[in-house]
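Visitor: The sequence shown maps to residues 20 to 620 in this note's numbering.
Built from N, CA and C at the ideal position, the CB exists for glycine as well.
A single structure is presented below for examination.
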Amino acid sequence: MATDPHSFAQPDRVRMTHLDLELALDFAQRQLAGHATLRLDWLAPAAAALLLDTRDLDLERVEAVTADGQVQTLAWSLGARDEKLGRALRIEAPQRPAHVRIHYRTSAHASGLQWLGPEQTADHTAPFMFSQSEAIHARSWVPLQDTPAVRFTYAAHIRAPRGLRVVMSALGEAGHALDGEFRFAQPHPVPSYLLAIAAGALAVRDTGPRSAVYAEPSVVELAAREFADTERFIASTEQLYGPYRWGRYDLLVLPPSFPFGGMENPNMTFATPTVLVGDKSLVSLVAHELAHSWSGNLVTAATWRDIWLNEGFTTYVQDRITEAVYGKALADEEALLAARDLQKKLPVIAANLQKLAPDPDGLAADDTLGVVAYHKGAWFLRTLEARYGRQLLDAWLRGYFDHFAYCSICTEDMLAYLKASLVDRHPGRMGWDEVLAWVYQPGIPADAPLPESPRFAMIDAARHDFLAGDIDAAGLDAHAWNTQEWMYFLDRLPDVAPLEKLEQLDAAWQLTGTANAEIGMRWYVHAIAGGYQAAWPAAGEHMRRIGRLYLTTPLYKALARTPAGLAYAEQVYATASSGYHPLTQAAVAAIIADVKSLPRA
Ligand code: BES
Ligand code: ZN
20 MATDPHSFAQ
30 PDRVRMTHLD
40 LELALDFAQR
50 QLAGHATLRL
60 DWLAPAAAAL
70 LLDTRDLDLE
80 RVEAVTADGQ
90 VQTLAWSLGA
100 RDEKLGRALR
110 IEAPQRPAHV
120 RIHYRTSAHA
130 SGLQWLGPEQ
140 TADHTAPFMF
150 SQSEAIHARS
160 WVPLQDTPAV
170 RFTYAAHIRA
180 PRGLRVVMSA
190 LGEAGHALDG
200 EFRFAQPHPV
210 PSYLLAIAAG
220 ALAVRDTGPR
230 SAVYAEPSVV
240 ELAAREFADT
250 ERFIASTEQL
260 YGPYRWGRYD
270 LLVLPPSFPF
280 GGMENPNMTF
290 ATPTVLVGDK
300 SLVSLVAHEL
310 AHSWSGNLVT
320 AATWRDIWLN
330 EGFTTYVQDR
340 ITEAVYGKAL
350 ADEEALLAAR
360 DLQKKLPVIA
370 ANLQKLAPDP
380 DGLAADDTLG
390 VVAYHKGAWF
400 LRTLEARYGR
410 QLLDAWLRGY
420 FDHFAYCSIC
430 TEDMLAYLKA
440 SLVDRHPGRM
450 GWDEVLAWVY
460 QPGIPADAPL
470 PESPRFAMID
480 AARHDFLAGD
490 IDAAGLDAHA
500 WNTQEWMYFL
510 DRLPDVAPLE
520 KLEQLDAAWQ
530 LTGTANAEIG
540 MRWYVHAIAG
550 GYQAAWPAAG
560 EHMRRIGRLY
570 LTTPLYKALA
580 RTPAGLAYAE
590 QVYATASSGY
600 HPLTQAAVAA
610 IIADVKSLPR
620 A
């Protein structure tokens with residue numbers, strides 16, 4: 020297997036197979052402190068050192084622990100700091116011990132952690148903290164082999180202030196007293212990017228026999244209602260692709276600074292509160308993160324270049340779950356929204372990054388985590404479905420998840436399995452050269468099948484008539500539009516819409532100040548681009564409140580296109596940045612720095 024260029028580890032020489040974490044949460048210092056013990060499998064006969072990934076860790080000492088519990092100090096050194104990868108920790112271990120223990124503490128600025136004061140939470144009663152390890156941020160809170168090619172089981176003993184609840188990407192005890200001590204166990208081998216922890220004033224509500232939602236007390240009822248279909252999602256996916264193998268499936272609703280929509284941490288999906296809109300219209304996010312329990316967490320991309328195996332397969336499965344639970348019309352709308360988005364963005368994506376499996380030279384770990392991996396990946400599977408039919412493709416996928424269960428694989432492993440078990444077995448449906456074009460060529464093959472949506476066709480017609488002046492905004496039949504239909508209407512307005520049309524839309528439909536952030540993000544980008552300044556204060560509020568990259572960075576980008584907008588963006592950022600996650604801080608700072616480095620036309 021190809022080695023992972025985004026890790027210093029040498030897992031072919033020595034490999035971690037289990038992790039024991041003993042950590043204390045210190046909110047005053049904004050740090051985790053304690054030790055990590057790695058169980059090791061020494062593979063190469065000549066290996067005498069262990070290389071681990073770290074970033075901004077404060078290392079205290081390293082020990083070898085023998086089978087009978089004897090502890091011996093080991094020599095260690097840190098390599099030069101790489102901006103993207105952090106620093107290699109080299110531990111000299113000529114006696115090849117079965118366990119190595121590292122005593123350390125994290126930095127207050129760890130890239131994989133966010134520490135929030137009570138004022139940044141929904142209830143303002145207690146501090147909050149959470150991790151986000153994907154892609155390569157686990158190394159900022161645990162020294163380990165931070166590559167998805169390595170899998171390990173883990174156990175943890177976490178101390179926290181009394182009254183707070185700690186959760187992890189593992190099995191714990193929902194009924195445990197909030198006495199400041201929590202224990203967790205992840206009995207299945209998982210890659211490092213699925214290591215997760217959060218702590219705060221968290222209440223719990225069951226949503227089914229094997230699912231619950233964790234959220235702050237003022238949010239938990241709303242969340243339980245929004246996610247009431249969780250068991251239907253799990254049961255539908257099992258029907259299609261085989262058993263859910265992880266035991267419980269819980270959801271954690273985070274504060275709005277969470278930088279992503281969702282993160283598929285095993286046993287405990289982490290989710291943005293921006294999907295809590297009261298009508299379940301954005302819960303396909305749960306379908307997506309749940310789908311990762313098969314595509315991603317069970318069968319895992321071995322390097323970041325192969326991440327479409329996680330995200331593309333998951334987006335396809337997500338649509339199948341949505342269809343099973345809410346019907347084909349909604350699933351088709353979501354697939355079409357995504358396909359149009361991909362078609363719009365593709366022309367500005369570098370040719371190599373238009374490939375599902377790009378040439379790995381020079382790729383950053385997160386370069387491949389974009390629309391291509393998700394939507395071209397899902398489109399490839401929809402193409403296979405169109406050629407082989409659902410029965411064959413569903414059986415193939417089920418076999419694929421079984422065959423590679425708990426394995427980390429690269430694109431070529433998947434392709435070899437696809438060829439042997441589907442393409443060669445049913446000749447005449449799809450040429451192997453077609454498969455290779457999907458995976459290794461830029462662009463979308465011309466005959467890629469698109470779903471049809473009569474409702475979207477109606478929206479296209481309405482948008483056209485509105486822009487042509489044949490109907491006014493109040494004449495749009497938008498009372499009946501669902502969230503996806505509003506998204507589609509807004510997505511396909513001209514990039515710079517006429518100001519008077521924007522004013523009309525807002526007067527008729529009160530888009531400014533909407534409680535639905537998916538609609539809000541699209542609306543504010545249009546308002547800013549079209550010179551509708553009346554929407555700026557509400558846009559600023561959206562930007563201050565929401566740290567989710569996908570919902571907030573487009574507003575900064577739109578504002579940064581004019582000097583007055585840039586000044587406003589900087590003003591918003593000055594008051595928002597201390598509440599943002601490190602990733603959001605970095606992304607917004609880069610947007611602002613970028614435009615400032617350009618000479619103004
Ligand atoms: N695994 C991703 C989130 C992620 C990707 C974190 C890359 C870090 C780096 C997760 O499964 C995901 O795709 N989330 C989406 C949800 C959406 C597609 C429903 C998100 O966060 O928007
Ligand atoms: Zn995903």
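Counting pairs of Cβ atoms below 8 angstroms between the region 330-339 and the region 442-459, do you hit three or more?
Guide: no
Visitor: Does the pairing of the region 601-612 with the region 558-576 give three or more beta-carbon distances under 8 angstroms?
Guide: yes
Visitor: So, at 7 angstroms on beta carbons, what are the nonlocal neighbours of Ala493 in its own chain, with the 5 sequence-adjacent residues on each side left out?
Guide: As a first step, residue 493 is located in the sequence shown; it is residue number 474 there, counting from the start. Around Ala493: Ala527.
Visitor: Helix, strand or coil for Phe149 per DSSP?
Guide: Mapped onto the sequence shown, residue 149 falls at position 130. Phe149: strand per DSSP, three-state reduction.
Visitor: Report the three-state DSSP secondary structure of Ala129 (helix, strand or coil).
Guide: Position 110 of the sequence shown, counted from the start, is the residue given in the question as residue 129. Three-state DSSP puts Ala129 in coil, outside helix and strand.
Visitor: Does DSSP put Tyr263 in a helix, a strand or coil?
Guide: Counting from 1 along the sequence shown, the entry for residue 263 is found at position 244. Three-state result, Tyr263: coil.
Visitor: What is the DSSP secondary structure of Ser230, counted as helix, strand or coil?
Guide: Mapped onto the sequence shown, residue 230 falls at position 211. Ser230 falls in the strand class under three-state DSSP.
Visitor: Got a sec? Which residues, its chain only, sit under 6 angstroms from Asp385 by beta carbon, not counting five neighbours each side?
Guide: Position 366 of the sequence shown, counted from the start, is the residue given in the question as residue 385. If we look at Asp385 and ignore the five residues flanking it on each side, its Cβ neighbours are Ala154.
Visitor: Round the Cβ separation of Asp325 and Cys429 to the nearest angstrom and send it over; I've been treating them as touching at under 8 angstroms.
Guide: Residue mapping note: residue 325 aligns to position 306 of the sequence shown, counting from 1. Residue mapping note: residue 429 aligns to position 410 of the sequence shown, counting from 1. 5 angstroms between Cβ atoms; contact.
Visitor: One question on the structure: do Ile368 and Leu309 come within less than 8 angstroms of each other, judged by their Cβ atoms?
Guide: Here the question's residue 368 lines up with position 349 in the sequence shown. Here the question's residue 309 lines up with position 290 in the sequence shown. Result no, Cβ atoms of Ile368 and Leu309 do not sit closer than 8 angstroms.
Visitor: The beta strand (DSSP E) spanning Ser96 covers which residue range?
Guide: For this step, residue 96 is matched to residue 77 along the sequence shown. Ser96 -> beta strand (DSSP E) spans 95-97.
Visitor: Counting pairs of beta carbons, one from the region 169-183 and one from the region 38-46, are three or more of them closer than 8 angstroms?
Guide: yes
Visitor: Where in the region 52-131 do unbroken runs of the beta strand (DSSP E), each at least 3 residues long, occur, reported from the N-terminal end onward?
Guide: 68-73, 77-84, 90-92, 95-97, 106-111, 118-124
Visitor: Using the rule of at least 16 other Cβ atoms within 10 Å of the residue's Cβ for burial, across every protein chain shown, is Pro228 buried or exposed?
Guide: Here residue 228 refers to the residue found at position 209 when the sequence shown is read from its first residue. Exposed, because fewer than 16 other Cβ atoms sit within 10 Å of the Cβ of Pro228.
Visitor: Do you know how far the Cα of Ser300 is from the Cα of Tyr345?
Guide: If you number the sequence shown from 1, residue 345 lands on position 326. If you number the sequence shown from 1, residue 300 lands on position 281. In a straight line, the C-alpha of Tyr345 is about 10 angstroms away from that of Ser300.
Visitor: Would the region 81-99 count as touching the region 138-150 if we require 3 or more Cβ pairs under 8 angstroms?
Guide: no
Visitor: Mind the definition here: the region 108-123 touches the region 59-75 only if three or more C-beta pairs lie below 8 angstroms; say whether that holds.
Guide: yes
Visitor: Thr125: which of Ala99, Met562, Trp134, Ala117 sits nearest, CA to CA?
Guide: Here residue 125 refers to the residue found at position 106 of the sequence shown. Ranking Ala99, Met562, Trp134, Ala117 by Cα distance to Thr125 puts Trp134 first.
Visitor: Classify Val518 as buried or exposed, calling it buried when 16 or more other Cβ atoms lie within 10 Å of its own Cβ.
Guide: Against the sequence shown, residue 518 aligns to sequence position 499. The question names Val, yet the displayed sequence has Leu at residue 518. Exposed.
Visitor: With contact counted as at least three CB pairs below 8 angstroms, one residue from each stretch, are the region 313-327 and the region 384-398 in contact?
Guide: The answer is yes - the region 384-398 touches the region 313-327, with three or more Cβ pairs under 8 angstroms.
Visitor: Specify the secondary structure class of Gly539 as computed by DSSP and reduced to three states.
Guide: Your numbering for residue 539 matches position 520 in the sequence shown. The answer is helix: DSSP assigns Gly539 an H, G or I state.
Visitor: Express the C-alpha separation of Phe277 and Tyr599 in angstroms, rounding to a whole number.
Guide: For the purposes of this step, residue 599 is identified with residue 580 of the sequence shown, where counting begins at 1. For the purposes of this step, residue 277 is identified with residue 258 of the sequence shown, where counting begins at 1. Taking the straight line from one Cα to the other gives about 8 angstroms.
Visitor: List in chain order: all unbroken alpha helix (DSSP H) runs of 4+ residues lying wholly within the region 432-517.
Guide: 451-459, 473-487, 502-510
Visitor: Is it a yes or a no for the region 234-253 touching the region 198-217, going by three-plus beta-carbon pairs under 8 angstroms?
Guide: Touching, no, given that fewer than three Cβ pairs across the two stretches are closer than 8 angstroms.
Visitor: With a cut-off of 8 angstroms on the beta carbons, I'd call Gly191 and Phe203 a contact; round off their distance for me.
Guide: Taking the first residue of the sequence shown as 1, we reach residue 191 at position 172. Taking the first residue of the sequence shown as 1, we reach residue 203 at position 184. That pair is a contact at about 5 angstroms.
Visitor: Sorry if obvious, but does the Cβ on Thr172 come closer than 7 angstroms to a heavy atom of the ligand ZN?
Guide: Working through the sequence shown from its first residue, we reach residue 172 at position 153. Checking every heavy atom of the ligand ZN against the Cβ of Thr172, none is found closer than 7 angstroms.
Visitor: Taking the beta strand (DSSP E) that Phe279 falls in, what are its first and last residues?
Guide: Along the sequence shown, one-based indexing puts residue 279 at 260. Careful: Phe279 lies outside any beta strand (DSSP E) and carries neither H nor E.
Visitor: How many angstroms separate the CA atom of Tyr393 from the CA atom of Phe508?
Guide: As a working mapping, residue 393 is identified with position 374 in the sequence shown. As a working mapping, residue 508 is identified with position 489 in the sequence shown. About 22 angstroms.
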